[in-house]
Amino acid sequence: MLTILFDGVAYGMLLFILAIGLSVTLGLMNFINLAHGAFAMAGGYVTVLLMQNHNVPFLLCVPIAFLVTAVLGAILERTLYRPMYGKPALDQVLFSIGLAFIAMTIVDYSIGSSEQIIQLPHWLRGRSELAFGDHVLGMGHYRLLIIAVCIVLTILLQYVLTHTRFGSRLRASVDDQRVADGLGINVNVIFFSTFAVGSGLAGLGGAMGAEVLGLDPTFPFKFMIYFLIVVALGGTSSLTGPLLASLILGIADVAGKYYMPKLGSFIVYAVMILILLWRPDGLFARRGAK
Amino acid sequence: MTPAAVHDALRDKTRIKVWEPVLWLVPLAVVALFPGSSFLVNQMAIMALFAISLDLVLGYAGIMSLGHAAFFGMGAFAAGLFAKFVMPEPIAGLVFAMAVGGISAYLCSYTILRGSELTIVMVTLGVSLILFEVGNYMTWLTGGADGLQGVVMAPVLGLFPFTFDGVTAAYYSLVVLAVFLVVYRRIVNSPFGTGLRLIRDNRLRASAIGIDTDKRIKLAYTLAGAIAAAAGAVQTHSMNFASLDAFAFERSADVLLMVVIGGTAWIYGGVVGAVVFIGLHHVLSDLTPQYWTFWVGVFLVLLMRVGRDRLVRPWTWFKGGPHG
C-alpha cells in the first residue's frame, strides 16, 4: 500500500518534469506542442547512446541530455516553431504531430525499433524497506533519486519564477503577452529561452525516465497523452497546478495498474474526464487574462 | 433580383453539379476495370465517409475532436456483433450500428459543451481511449486484442454476395458513401447547417440571435457519431472482421489529417483527403514499408508551415510571404 503510494509519487514527479515545459509553452504562447514527447525521447536516447557507446557514467549523462535537448529545442524554436505561433490550434496540432512523426521515424531508422535498456549503476539498483507496524514501505533507490531530483528542480523552478527578474517577466508574458510587450519586455527572447529550458527539462525527464517508462521510438505518442492530461488538469498559470495534477495522475495510474491490471489505463482516463467535466479549465484555473 | 432568382441563388449550393455524376463514375469504372484495386477503393470510400462525419463536427461546428475513432469503433463492433448474434443482413446491421453510434455520441455530446479547445481535445481523446481499454478488457464480447472473428455476412439485400476479391465490398461502400453524401449535402446546407457555421464563427453572437447552441452542437455530434458508426459498420461488413484498431488513436489522427488535407467545411473535403491520404499511404508504404510516416510528417509540417493555399502553388514559396 505505502509502496504503491511511493511509486506513484515517483512516477508523478517524473511526469511533472516531463510535462512542465509543455505547460509553460502552452500558457505562454498558447501553442499546443504535441511534439513535446519527442524532446523527451531525444533526451532518453542521448543517455542510452552515451552510456552504451562511450561508457559515460549515468549521472553525467543526465545533464548532457538536458543540454542537448535544450539546444535542439532552441534551434527548432528559431527555425520551425516561431512562425506557427499565430496560427489556429488545429494547424499547430497537426504541425507538431508531423514533427513527432519525423522524430519517431528518424530514431526508428537510425537506432532501431527495439526497446532500449539503461544499465543503471550498481548503487542505484537496490531497494530499502521501512516498516511502520504492519505497513512496509519499499523504496527503490532509483525512485528515491528521481524524487530527490524532482524536488530540487521544483524548488529551483519555483525560485526562478517567483524571485528573479526573468521569472516576473515570464509571468507577465504568460498573463498578457501584448501588455508585457508594451512594457518593454522582449517576449520573443523570453519565449525562446523558456522553450529551450522546457525542452531541456523534457530531455532530462526522458533521460531519468527511460528506465521507468521504457524507451522506444513510439515514446512521443505513448506519453504525449499523459503530458496533455497533466497540462489540461493542472492549468498553465502556476507550478503547483501541474505538480498536483502529475501526482494525482501518477498515483492513480500506478494504483490502477496494480489493483486492476486488466483495465490498463482506464482509471487514468476516467479520472481525467471526470475532473475536466467538473472543472473544464483545469483544477487550478485562475480567472483573468485570457 | 426577383424573389425567384434569390431563391434560385440560395438553392444553388444544394444542387448536384453537372460534373459530379461524372466524378462518381470514376471509382466505379476503376473497380470494374481493375478488380485488384477494389480493396484500395473500398478503404478510400470507408475513410471518406468517416472523414465527412468528422468534418461535420470539426469543419462546420468548429469542435476539435481527437477521438472520433470512438464512434467508428462502436459502429464496427455493433455491426460485427449484430451480424454474429442477430442477423447477417448488412443493411439492417448498418442501421443498427448507426443507432448505437448515434446514441453513444449523444451521451458523449454532454462532455464537449464547455471548456477550452484543449479541454475538448482531451475529453474526446479520453473517451476513445477508454472505449479502447474497455474493448480490450471485455474479451468475451469483443475478442480483445485478437478482434471479433467469425463474422459472416449475408448478401447485400439478398442479391449481391460478398466475394473474396472484394469487388462487391467496394461497390457496397461506394454506394453507401454516395447515399450519405446526398443526405450530408442537405444537412450542411439546411438552416441547421448554417446555424452550425455561425456557432463555429462566433458562439456568443449565435446564442444572442436566438440559436440554441448547445442543442445544435449535441445534434451535430450525434449525427456525426451515427455517420462515423456507419463507416465502421461498412468496414466490418467488407472485412468480415472487427479489430480494436478501430478505436485506436492512430485512426482518429489519420482521419483528422484527411479532413485537413482535403479542406474543412467542404462536402468533398473528406473525400479528397481520404483519396489523397490513402493513395499516399499506398504509394509510400510500397516504397518504404516501415518509414512512410516520415513522409507523412514532412508533408504535414510543409502543409502547415507553408499553408494549403500556397502548397498547391509552389511558385509562391520563395517569394517571401507574410512570415518572411
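Top to bottom, those sequences are chains A and B.
For the first sequence, the numbering used here gives the first residue as 1, with consecutive numbering after it.
For the second sequence, the numbering used here gives the first residue as 1001, with consecutive numbering after it.
Even glycine gets a Cβ: it sits at the ideal position worked out from N, Cα and C.
Check                                                                                                                        : Outcome
8 Å Cβ cutoff met for A:Phe95 and B:Leu1300                                                                                  : yes
Coarse secondary structure for A:Ser128, derived from DSSP in three states                                                   : strand
Cβ of B:Ser1116 within 8 Å of any chain A Cβ                                                                                 : yes
Residue-chain proximity (B:Ile1130, chain A), Cβ-Cβ < 8 Å                                                                    : yes
CB of B:Met1258 within 8 Å of CB of B:Met1047, strictly                                                                      : yes
C-beta contact flag for B:Ile1209 and B:Ile1199 at 8 Å                                                                       : no
Backbone secondary structure at A:Met51 - three-state DSSP                                                                   : helix
B:Val1057 at chain A interface by Cβ criterion, 8 Å                                                                          : no
B:Ser1252 beta carbon less than 8 Å from that of B:Ser1109                                                                   : no
Residue from B:Gly1263, B:His1282, B:Ala1032 and B:Leu1219 with nearest C-alpha to B:Met1044                                 : B:His1282
B:Val1176: first and last residue of the uninterrupted alpha helix (DSSP H) it sits in                                       : Val1167 to Asn1189
Beta-carbon gap between B:Ile1217 and B:Ala1061 smaller than 8 Å                                                             : yes
Contact set for B:Gly1147: own chain, Cβ-Cβ below 7 Å, skip 5 residues either direction                                      : Phe1241, Ala1242, Ser1243 and Leu1244
Element boundaries [alpha helix (DSSP H), containing A:Met104]                                                               : Ala89 to Ser110
Residues from the stretch 225 to 240 of chain A in contact with chain B, defined by Cβ distance under 8 Å                    : Ile225, Leu228, Ile229, Val231 and Ala232
Beta-carbon proximity check, A:Ala35 vs A:Leu90, cutoff 8 Å                                                                  : no
Segment contact flag, the stretch 189 to 206 of chain A with the stretch 62 to 69 of chain A, C-beta cutoff 8 Å, min 3 pairs : yes
Cβ-Cβ separation, A:Val254 to A:Tyr85 (assumed contact under 8 Å), whole Å                                                   : That pair is no contact at about 36 Å.
Proximity test, Cβ basis, 8 Å: B:Arg1305 and chain A                                                                         : yes
Simplified DSSP assignment, three categories, for B:Phe1162                                                                  : coil
Reference B:Gly1143; option with closest CA among B:Pro1191, B:Gly1273 and B:Gly1080                                         : B:Gly1080
Ranges of the alpha helix (DSSP H) found wholly within the stretch 20 to 70 of chain A, counting only runs of at least 4     : 36 to 54
Under 8 Å between C-beta atoms of A:Val46 and A:Ala207                                                                       : yes
Assumed close pair B:His1068, B:Leu1054 - CB separation to whole angstroms, cut-off 8 Å                                      : 5 Å
Beta-carbon proximity of A:Leu213 to A:Ile190, cut-off 8 Å                                                                   : no
Any chain A beta carbon closer than 8 Å to B:Ala1274                                                                         : no
CB contact below 8 Å: B:Phe1077 versus chain A                                                                               : no
Selection from A:Ala245, A:Leu228, A:Leu14 and A:Ser265 that minimises the alpha carbon distance to A:Thr25                  : A:Leu228
Simplified DSSP assignment, three categories, for A:Met139                                                                   : strand
Opposing strand residues paired with A:Gln119 [DSSP bridges]                                                                 : According to DSSP, A:Gln119 bridges with nothing at all.
Alpha-carbon spacing of B:Ser1038 relative to B:Gly1166, whole angstroms                                                     : 6 Å
Whole-Å CB distance - A:Ser246 paired with A:Phe39, under 8 Å assumed                                                        : Actually they do not touch by this definition, with Cβ atoms about 17 Å apart.
Neighbour-count burial assignment, B:Ala1145, 16 or more Cβ in a 10 Å radius                                                 : exposed
Bridge-paired residues (DSSP) for A:Leu215                                                                                   : A:Gln116
Beta-carbon proximity list for A:Met224, same chain, < 8 Å, skipping 5 on both sides                                         : Leu34, His36, Gly37 and Ala100
Beta-carbon proximity of B:Ser1065 to B:Thr1124, cut-off 8 Å                                                                 : yes
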